[in-house]
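Encoded as structure tokens, the structure appears first; notes follow it.
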Amino acid sequence: DAKTTQPPSMDCAEGRAANLPCNHSTISGNEYVYWYRQIHSQGPQYIIHGLKNNETNEMASLIITEDRKSSTLILPHATLRDTAVYYCIVRVINSNSGYALNFGKGTSLLVTP
Amino acid sequence: SAVISQKPSRDICQRGTSLTIQCQVDSQVTMMFWYRQQPGQSLTLIATANQGSEATYESGFVIDKFPISRPNLTFSTLTVSNMSPEDSSIYLCSVATGARYEQYFGPGTRLTVT
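So the protein sequences, as listed, match chains A and B.
Its first residue numbered 1, the first sequence is counted upward by one per residue in this note's numbering.
Its first residue numbered 1, the second sequence is counted upward by one per residue in this note's numbering.
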């Protein structure tokens, strides 16, 4: 799996966009970028994933740079309930490499009133 | 997506005893995983438990300590055997499904060993 680097913590004001960066400069061509989050005392929650195109769903947007060496998860209008640890995971998922996830330390996002 | 439940949600156990954690999924899935999250730490994979095959354990985890059953496509158990205080953690099961094998997690079982 490619190594990822995330800031340990970030703050965001409620209602503003939260932009969470992830550096993955050693990413290989067939590795996907996955984002999960873990709200305190809950199991992790899948947010979004992408290969090279930007992706958007009802929860967030994922912006991947053209060289794929970094990405940004965007929560367009952060709410207090978005306070969580956000994990950026980069890996190939198939029968050869396996299907489990390797969680790093993530970014602890605090959304403030 | 998948909805996953775990039992018990929490337990306090004495040293030397064993606890079996149940994981129930609302749909049939082949790939299931068990993770451990020690206090203040990130998640660590214990084992992969695919139906129809023996569980595959990660380095540092052994079957005698963490036996796993996977009798069908919607259910699995993880037993934490001969517990010590170092086993105090949150234990989570998850399944991989979807176009790119996105994982969905249960709420976790919070275990405290005294």
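Note that the Cβ used here is the ideal one computed from N, Cα and C, for glycine as well.
At least one CB of chain B lies nearer than 8 Å to the CB of A:Gln42. Closer than 8 Å to the CB of B:Met83 there is not a single CB belonging to chain A. When secondary structure is reduced to three states using DSSP, B:Glu86 falls in the helix class. Counting of Cβ neighbours within 10 angstroms places A:His49 among the buried residues, the total reaching 16 or more. In this structure, the beta-carbon distance from B:Ser18 to B:Ala49 does not fall below 8 Å. Within the model, the alpha-carbon separation for B:Gly60 versus A:Thr83 is close to 32 Å.
For the stretch 51 to 77 of chain B, the residues whose beta carbon sits under 9 Å from a beta carbon of chain A are, in order, Thr56, Glu58. Within the stretch 4 to 30 of chain B, no residue places its CB atom closer than 7 Å to a CB of chain A.
Spanning the alpha carbons of A:Gln42 and B:Gly108 requires a straight line of approximately 7 Å.
With a contact defined as Cβ atoms closer than 8 Å, A:Thr107 and A:Gln6 qualify at about 5 Å. Only buried fits B:Ile21, as 16 or more other CB atoms lie within 10 angstroms of its CB. For B:Lys7, the enclosing beta strand (DSSP E) covers residues 4 to 7.
In this model, A:Tyr32 and B:Thr97 are separated by some 15 Å (Cα to Cα). A:Arg68 carries a coil assignment under DSSP once its states are collapsed to helix, strand and coil. When DSSP reads this structure, A:Leu101 sits in no beta bridge, so it has no partner. Put simply, the CB of B:Arg100 is near chain A, with a gap under 8 Å to one of its CB atoms.
Remark: C-beta atoms of A:Thr26 and A:Cys88 do not approach each other more closely than 8 Å. Per DSSP, A:Met59 is not a residue of any beta strand (DSSP E), being assigned neither H nor E. Under the Cβ criterion (8 Å, minimum of three pairs), the stretch 65 to 84 of chain A counts as touching the stretch 17 to 25 of chain A. Under the 10 Å beta carbon count, B:Asp26 is surrounded by fewer than 16 other beta carbons and is classified as exposed. In this structure B:Ser84 is exposed. Its beta-carbon is surrounded by fewer than 16 other beta-carbon atoms within 10 angstroms. For B:Ala2, not one C-beta of chain A is nearer than 8 Å to its own C-beta. Residue burial is scored here from C-beta neighbours: A:Gly15 has fewer than 16 other C-beta atoms within 10 angstroms and is therefore classed as exposed. Checking the DSSP bridge columns, you'll see A:Gly50 partnered with A:Val33.
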